[in-house]
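Heads up, the sequence shown is in numbering that gives the first Met the number 0, so the first residue is 0 and it goes up one at a time.
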Amino acid sequence: MASTEPVSEQSASDLVALQSQDESDRRANYIKLGAANGLLIGLAVVTGFWLPKIIALARLPIDFPYAGIILNTVFILTICTLTGWLTSRLNKIWLTLLLWLGTAVIITVSLGGLPLTGQTWFIWLTDARFRGLPIFVWPERILWWYFVVGSFLFLFIITGLALLQDYRLERAQLELKGNGRWSIRTFLIIFLPTLLVALGAYAIPDLIGNAARDGLAYTQQGIEGSRNYTGDDLFGYSLASGFNYSALDGVLEEIDGPYTLVPGELDPFGSSFTAVAHFDNGAWVNCLVNIEYINATYLNFCTDGSLPYTAGFTRLLTGQPFPETCRNCAIEVDDTWQNWLANRTGQLADSPQFEFVAQQGSYVLMRASSPDGDYAIECMFQGIKQVSLLYCDER
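Structure representation (structure tokens):
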């Protein structure tokens with residue numbers, strides 16, 4: 000016979016407390032799932048956009064080019080995790096949509112700007128000689144909203160996932176094991192939609208970095224192909240292969256042994272990029288690569304990159320004329336530094352010795368010393384097509 004005794008006040012209180020605890024646990028698990036969803040979306044963005052570029056960079060002989068990518072990765076993972084946590088905590092569809100759409104816009108812009116900032120900061124931290132110089136800057140011709148317009152597929156996918164977030168998180172929550180542990184089904188419900196995010200991120204155009212990366216790859220191909228060619232008709236070989244290996248015809252005797260590539264200079268209109276190759280044997284080659292939109296299309300020509308910083312530097316110090324082969328050797332210098340150099344010309348004698356010290360981007364540090372080595376100055380130059388003297392120091 001069923002008991003008709005009333006439930007005690009203590010039992011009712013315990014039941015309410017238990018229900019409250021269950022509700023609190025469910026909400027906590029829901030918020031954790033939201034943060035995890037954001038983290039996986041961030042990982043998908045990083046993987047889709049950066050992984051192919053990291054693979055391409057790994058094939059190039061360049062000094063650590065990943066600092067900017069690391070900074071951008073940390074930023075994306077952080078902002079996506081925070082957005083996932085906040086939207087699941089607030090749990091209002093219109094806020095979820097607005098916050099994720101805003102996050103997506105910020106991400107697309109960060110893909111262009113933060114890599115430049117991060118790589119510049121890395122150079123400042125590791126090489127004090129270039130500290131404070133704007134090594135890599137956002138090109139004036141590219142506006143921030145270009146990235147947003149070019150990321151339509153990515154924004155569409157993020158919008159769709161934002162609209163479905165509550166449904167996905169509730170389904171994932173139902174598949175949790177005891178104590179809130181994830182099951183395989185929980186993971187798949189959260190993870191599988193992020194594959195679409197990776198696809199959308201892969202489709203985002205790299206409006207700033209692609210030209211330099213392509214230009215360096217073209218230069219590497221030109222160097223390797225031309226010096227490995229054993230015939231005597233490099234021009235004919237270029238025609239047959241469809242790649243202009245003859246661009247290096249004038250520097251073939253110099254490009255021997257290991258080398259390091261440096262991203263030099265992108266012209267203001269984005270139509271050409273200068274890649275720099277420094278060889279262990281002391282050779283220094285600048286290669287001009289034609290750019291269409293954001294892609295390299297043609298290795299135009301390669302020249303001795305040292306001439307403006309040796310023949311041009313010599314003219315600043317001694318007034319000697321340029322060699323006939325010296326193109327763009329004239330160095331822009333203001334009167335203050337011209338007078339500074341003139342006051343030290345006597346200490347460097349008539350035949351100063353020049354030594355390459357370091358280069359980052361289009362900034363080049365050179366040393367000029369007297370023949371006996373008793374006196375030297377170091378000067379920082381900027382620019383490749385048009386070289387300018389920034390400053391000098393005595394050593």
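From the three backbone atoms N, C-alpha and C, an ideal C-beta is built for every residue, glycine too. This structure is a prediction, so every number in the text was calculated from the model and none was measured.
Secondary structure of residue i, DSSP reduced to three states
| i | result |
| --- | --- |
| GLY137 | A small fix is needed here, since residue 137 is Trp in this sequence, not Gly. Coil at TRP137, not helix or strand. |
| ASP334 | helix |
| ALA202 | coil |
| ALA348 | coil |
| GLN181 | The amino acid at residue 181 is misidentified as Gln; the sequence shows Trp. In the structure shown, TRP181 sits in coil (DSSP, three-state: anything other than H, G, I, E or B). |
| ILE75 | helix |
| ILE189 | helix |
| ALA16 | In this predicted model, ALA16 has a pLDDT of only 49, less than 50, meaning its place in the structure is not dependable enough to derive any value. |
| PHE268 | coil |
| LEU395 | Outside the displayed span of the chain (0 to 394) sits residue 395, for which this structure offers no information. |
| ILE207 | coil |
| ILE61 | strand |
| GLN319 | coil |
| ARG212 | helix |
| PHE242 | coil |
Per DSSP, cross-strand counterpart(s) of residue i
| i | result |
| --- | --- |
| ALA357 | LEU364 |
| THR259 | HIS277 |
| TYR297 | ASN289 |
| ALA341 | The partner list for ALA341 (beta bridge, DSSP) is empty, contrary to what the question assumes. |
| GLN118 | Answer by DSSP bridge pairing: none, since GLN118 is not bridged. |
| THR302 | ASN285 |
| ASP392 | GLU377 |
| VAL386 | ILE330 |
Closest residue to residue i among the options (Cα-Cα distance)
| i | options | result |
| --- | --- | --- |
| SER87 | PRO64, ALA35, THR116 | ALA35 |
| LYS370 | LEU215, SER350, PHE380, GLY318 | For the sequence presented, residue 370 should be read as Pro rather than Lys. Measuring from the Cα of PRO370, the nearest candidate turns out to be SER350. |
| TRP93 | LEU39, GLY47, ASP165 | ASP165 |
| LEU39 | ALA57, TYR217, GLY214, LEU187 | LEU187 |
| LEU50 | LEU168, PHE146, TYR201 | TYR201 |
| LEU364 | TYR374, ALA127, LEU32 | ALA127 |
| GLY249 | ARG226, LEU265, GLY241 | ARG226 |
| PHE312 | THR302, ASN299, TRP336 | TRP336 |
| VAL44 | GLN352, ALA274, VAL196 | VAL196 |
| ARG343 | GLU323, PRO320, ALA375, PRO322 | ALA375 |
| GLN381 | PHE129, TYR236, TRP84, ILE156 | PHE129 |
| GLY224 | ALA211, ASP213, ALA246 | ALA246 |
Contact with chain D by residue i, beta-carbon distance below 8 Å
| i | result |
| --- | --- |
| THR185 | This model lacks chain D altogether; it includes just one protein chain. |
*asked:* Closer than 8 Å is the cut-off here; do at least three beta carbon pairs connect the region 102 to 116 with the region 136 to 154?
replied: yes
*Would you be able to state if there are at least three C-beta pairs under 8 Å between the region 274 to 281 and the region 259 to 266?*
yes
_Inside the region 23 to 48 only - alpha helix (DSSP H) runs reaching at least 4 residues_ = none
_Validate contact between the region 261 to 274 and the region 128 to 143 using beta carbons, cut 8 Å, 3 pairs_ = yes
*May I ask you to verify whether the region 283 to 300 touches the region 204 to 213, counting CB pairs closer than 8 Å and requiring at least 3?*
yes
*With contact counted as at least three CB pairs below 8 Å, one residue from each stretch, are the region 72 to 82 and the region 22 to 31 in contact?*
no
*Between the region 95 to 105 and the region 46 to 64, do at least 3 Cβ pairs fall closer than 8 Å?*
no
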